[in-house]
Amino acid sequence: MPITTDNPGAMFGKLIKFISKDKGKKVAILIDEYDAPLTNAIAGKGLIFAENTIQPMLKQFYSALKVAEKFRGFTFITGVTKYAQTSLFSELNNLKDLTLNPNYSDICGFNEREFDSLFKEHMKNTLAKLIEREKLPQETN
Numbered sequence: 310m311p312i313t314t315d316n317p318g319a320m321f322g323k324l325i326k327f328i329s330k331d332k333g334k335k336v337a338i339l340i341d342e343y344d345a346p347l348t349n350a351i352a353g354k355g356l357i358f359a360e361n362t363i364q365p366m367l368k369q370f371y372s373a374l375k376v377a378e379k380f381r382g383f384t385f386i387t388g389v390t391k392y393a394q395t396s397l398f399s400e401l402n403n404l405k406d407l408t409l410n411p412n413y414s415d416i417c418g419f420n421e422r423e424f425d426s427l428f429k430e431h432m433k434n435t436l437a438k439l440i441e442r443e444k445l446p447q448e449t450n
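Take any residue in the sequence shown, count from 1 to its spot, add 309: that is its number in our numbering.
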């Protein structure tokens, strides 16, 4: 399958279609923290940069998933930032946002219980250092 485009979104769509046709099955797509590099890229560069650079790239990505819909099966994407005017959920059909659904809280990352048990001491020490450094009043319970 020759790739005749420089558009990353179009390349991604062609790849999905090629794999599906080659294997005779729909493609499962698993993407972890897909927009973290984009979010890091806009840090400190402002809204204009996001609107002119990041949003068009995200739209290419969403468009590729939309165009390849009949070739893709299960799709699981983590790290979705909901940029204004560029929502994965409005571009694609049949997606379910599990972000705040407690039934799926243990799939990725930490749940509240794990966060409390794993980071309690670190948070306590960090707060103590911040109080010391910033000369903040200590809380009394």
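We treat Cβ as the ideally placed atom computed from N, Cα and C, and that holds for glycine. Since we're looking at a predicted model, the values are computed, not measured.
Q. How should residue 374 be labelled, buried or exposed, when 16 other C-beta atoms within 10 angstroms of its C-beta is the threshold for buried?
A. buried
Q | Rounded separation between residue 316 and residue 385 - CA only | A | 23 angstroms
**Q.** Boundaries of the beta strand (DSSP E) in which residue 339 is found, first to last residue
**A.** 336-340
Q. Which residues in the same chain have their Cβ closer than 7 angstroms to the Cβ of residue 413, if we skip the five residues on either side of it in sequence?
A. 407
(Q) I'd like to know whether the C-beta atoms of residue 427 and residue 419 end up nearer to each other than 8 angstroms. (A) yes
Q. Of the choices 439, 319, 443, whose alpha-carbon is the least far from that of residue 367?
A. 319
(Q) In whole angstroms, give me the CA-to-CA distance for residue 326 and residue 411. (A) 34 angstroms
Q | For residue 382, the three-state DSSP class (helix, strand or coil) | A | strand
Q: Just list the alpha helix (DSSP H) runs in the region 314-338, keeping only unbroken ones of 4 residues or longer that don't cross its boundaries, in chain order.
A: 317-332
(Q) Less than 6 angstroms between C-beta atoms, sequence neighbours within five positions excluded: which residues of the same chain meet that for residue 393? (A) With a pLDDT of only 47 at residue 393, under the threshold of 50, the placement of this residue in the model should not be trusted; the figure read from the coordinates follows. Contacts found: none.
Q: Please state whether DSSP places residue 377 in a helix, a strand or coil.
A: coil
Q) Which of helix, strand or coil does DSSP assign to residue 446? A) coil
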